[in-house]
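In this note's numbering, the protein residues as written are 7 to 66.
Notes for the one structure printed next.
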């Protein structure tokens, strides 16, 4: 699921163009993206990544 969402976000394809190799439809991926967005998953993930990079000295 996450790989499909990242693929759409980085490839420029639309949800409906999601390749079948991901094993889910673009509609399903979009629905999960919407749920995760409303739950602020992306903001939380961003914060976790920044905290981890900071702890490892990976941020200026």
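For each residue, glycine too, the CB sits at the ideal point set by N, CA and C.
With 16 or more other CB atoms across the displayed protein chains lying within 10 angstroms of its CB, residue 11 is buried. A straight-line Cα-Cα distance of about 6 Å links residue 32 and residue 24. Taking 8 Å as the cut-off, the Cβ atoms of residue 51 and residue 65 do not count as close.
For residue 29, the closest alpha carbon among the candidates 7, 16, 38 and 13 is that of 7. In the structure shown, residue 59 falls within a helical segment according to DSSP collapsed to helix, strand and coil. With fewer than 16 other Cβ atoms inside 10 Å of its own Cβ, residue 49 counts as exposed.
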